[in-house]
Structures are given as C-alpha cells and as structure tokens.
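Residues 48 to 279 (our numbering) make up the sequence shown, in order.
All C-beta atoms, glycine included, are put in the ideal place defined by N, C-alpha and C.
Heads up, the thing below is written out as structure tokens.
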Amino acid sequence: MNRYTLQDFVNQTEQQDKGEGLFELETQRMLEVNLESKIWAKSGSMVSYMGNIKFTREGILEHGIGKMFKKALTGEGASLMKAEGEGKLYLADQGKKISILNLYDESIFVNGNDLLAFEPSVSWDIKLMKKVAGMLSGGLFNIHLSGRGMIAITSHYEPLTLRVTPSKPVFTDPNATVAWSGSLQPEFVTDVSLKTFFGRGSGESIQMKFSGEGFVVIQPFEEVYFSGDNNG
Numbered sequence: 048m049n050r051y052t053l054q055d056f057v058n059q060t061e062q063q064d065k066g067e068g069l070f071e072l073e074t075q076r077m078l079e080v081n082l083e084s085k086i087w088a089k090s091g092s093m094v095s096y097m098g099n100i101k102f103t104r105e106g107i108l109e110h111g112i113g114k115m116f117k118k119a120l121t122g123e124g125a126s127l128m129k130a131e132g133e134g135k136l137y138l139a140d141q142g143k144k145i146s147i148l149n150l151y152d153e154s155i156f157v158n159g160n161d162l163l164a165f166e167p168s169v170s171w172d173i174k175l176m177k178k179v180a181g182m183l184s185g186g187l188f189n190i191h192l193s194g195r196g197m198i199a200i201t202s203h204y205e206p207l208t209l210r211v212t213p214s215k216p217v218f219t220d221p222n223a224t225v226a227w228s229g230s231l232q233p234e235f236v237t238d239v240s241l242k243t244f245f246g247r248g249s250g251e252s253i254q255m256k257f258s259g260e261g262f263v264v265i266q267p268f269e270e271v272y273f274s275g276d277n278n279g
C-alpha cells in the first residue's frame, strides 16, 4: 500500500501560486499576501513569511491622536501591525474562515475582532458603540473601512449575509455579527421577554437592529464579550 505517503501529504498541502494578486486564499483559513510594499494586519496574525519583510507594531500617534484615544478605550482588539517589504506573508486568526473583499469606492463596517488585513489605500476609523458601554466589555467595537483596496475579514465557520430593506429590518446577536454595509447605522435594543427567559445577565436580551437598505454578515458562533453574570 502506497497510500498516505509523505510525498502524498506534501503534494496535497504544498503552497501554490495562484496569480490572484496581493491577497490570495491559500486555504480557507490561511491568507497569502504577495507583499510588494506595505499592508496593515491584525497584530499576532503572522504565521509564516518568506523574503525581506519587516514587522512594526502600530505607533501610538501613527494614525492621529483621535484614534489613539479610541484604541485606549477599546483595548487590544484593534491592535494593528505594519508589514513592509517584499515577499510572501501568511496570516491566520485562530483557524477562522477568511473572506477577501475588494472595495471600489465603497464602505463597510467590520467587527474589530474580525478584521485580518487591509491595504494602506483603504481609509479606516474606529467606531465605538457607546450606548452599550455599561452592558458589554472586551472589544465590542467596529472599524469603518472605505475607499478603494482589498481587505480580509474573518468569521467562525461560514458567514451568512442577510439583506436589509426599509420594510424588513434585521435583528442580530452582537456576538454573532461580523460586518455590515456602510450605509447602515445599527441601534441597540433590549428584548424584555428574552431577558426574562435567559436571565438578567444574558447577552441574548441585547440585540443589534439594522434598518434601511444594505446587508449584514453574521456567523454561526457567538464570540463572548459579555461581562458580569452571564447566564445565557
């Protein structure tokens, strides 16, 4: 029996050049960056690289004092690193599924924990969810990305996109919400009946409500940001 040989394993898992440009999905959970100058990536997401690449943690004042104060409030969730040089860079985040998006003068909001990498040509800003500051902790904030360029986002398992229309608002669990279109401004609502059902500290009683025209991306997984007595 010549099955399962070492050569078979190498052949099946070996890196392949797909010629797709700056960002390539080497696997569903591994992003290959064909680096020629610079990108921004989530701190700690580098798993391997080849070539001459320098990594620099984001400077305190690199993106202006306004973003510095926001980052102080949101903690390490939006911490970025700069990768500069030429070579191949491999990024991953806890085995999460990766999706590549190419913005053409468009905008999207991404949960701060689900942004993996983006081109320097993309404008970004941290948006705090102030209304729930007292209810949540541990990184429930989002990043607004706009302009032109490639971004890579992550989700636990396969993402699902829901359309939002003026006649059909969408309600989501904040912990399962990955991203939403830049035209939408979510509001937080509390479902009293769910709060009674799940218990006082339960996250399920707090929901994000999306109204208008656009889309929301959710994942079949709840990342835990809730503090206190969470009975849900």
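Residue range of the alpha helix (DSSP H) that includes Asn58 = Here the alpha helix (DSSP H) through Asn58 covers 53-60.
request  = Identify, in the order they occur along the chain, each residue of the same chain with its Cβ nearer than 6 Å to the Cβ of Asp172, setting aside the five sequence neighbours on each side.
outcome  = Correct list, in chain order: His191.
key: Lys85 - containing beta strand (DSSP E), residue span   = Taken as a continuous stretch (DSSP letters only), the beta strand (DSSP E) holding Lys85 covers 85-89.
message = Can you list, in chain order, the residues of its chain with a C-beta nearer than 6 Å to that of Asp161? Leave out the 5 residues immediately preceding and following it.
response = The beta carbon of Asp161 lies closer than 6 Å to those of Ile200, Thr201, Val225 in the same chain, with the five residues before and after it left out.
query = Should Phe102 and Ala130 be called a contact, given that it needs their Cβ atoms to be closer than 8 Å?
reply = Their beta carbons are under 8 Å apart, which means Phe102 touches Ala130 by this criterion.
ask   = Mind checking Glu83: buried by the 16 CB within 10 Å criterion, or exposed?
value = That one is exposed.
task = Report buried or exposed for Asp64, applying the criterion of at least 16 other Cβ atoms within 10 angstroms of its Cβ.
result = Its Cβ having fewer than 16 others within 10 Å, Asp64 is exposed.
key: Sequence-distant residues of its chain with Cβ nearer than 7 Å to Thr237 (five each side left out)   = If we look at Thr237 and ignore the five residues flanking it on each side, its Cβ neighbours are Ser252, Ile253.
task = Decide yes or no for the touch test of the stretch 72-86 against the stretch 133-141: beta carbon pairs closer than 8 Å, at least 3 of them.
result = The answer is yes - the stretch 133-141 touches the stretch 72-86, with three or more Cβ pairs under 8 Å.
query = To the nearest angstrom, how far is it from the Cα of Ser126 to the Cα of Lys89?
reply = Each residue's Cα considered, the two are about 6 Å apart.
Beta-carbon spacing of Ile265, Thr219 below 8 Å = If you check the CB distance, Ile265 and Thr219 come in under 8 Å.
message = In whole angstroms, give me the CA-to-CA distance for Phe70 and Glu205.
response = In this structure, the alpha-carbon of Phe70 lies about 19 Å from that of Glu205.
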